[in-house]
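Numbering (numbering that gives the first Met the number 0), first residue to last: 0 to 103.
Every residue, glycine too, gets a C-beta built ideally from N, C-alpha and C.
Computed from a prediction, not measured in an experiment: that's the story for all the values here.
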Amino acid sequence: MATTTEPRTWTERIDLAGKELVERVKDLIEQGNVRRLIIRGQNEEFRIDIPLTAGVAVGGVLAVFSPVLAALGALAALVTRVDLEIVRVGEPEAAEEEQKKADT
């Protein structure tokens, strides 16, 4: 009998300035191991939940999400701080290594 193991999911939260939101979301989409993004305003005044489909080519993902990114840009102009919750698939250590490569 074969057993299937579901990939591990984990969550991290970061606090961002509104002006950093669009670039950070683009970077996260390109990483490919992000399953969902949840954006909250200060004091939880709003919540935007963006599910991401795993396994889609990066170019296709950015094209599909361009209206979402435009909306996030408009939102970023209105808010000073946002809380970004990132739900990832895989091991936390692998994601940290990937983030270090993206930052350099």
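As assigned by DSSP and simplified to three states, the class of R12: The answer is strand: DSSP assigns R12 an E or B state.
Top-ranked residue by Cα proximity to G89, from L20, R34 and A16: R34
Segments assigned beta strand (DSSP E), at least 3 residues, entirely inside the segment 9–49: 33–40
According to DSSP, residues forming a beta bridge with E90: According to DSSP, which records beta bridges pairwise, E90 is partnered with nothing at all.
Span separating the alpha-carbon of F45 from that of I37: 10 Å
Spatially closest choice to G40 from V86, E11 and D82, by CA coordinates: D82
Environment of R12 [buried if 16+ CB atoms lie within 10 Å]: exposed
Within 8 Å, strictly: CB atoms of I121 and L51: Because residue 121 is not part of the residues shown, which for the chain are 0 to 103, the question remains open.
Cβ neighbour criterion (16 or more within 10 Å) applied to A75: buried
Inter-residue Cα distance where the pair is W9 and R87: 5 Å
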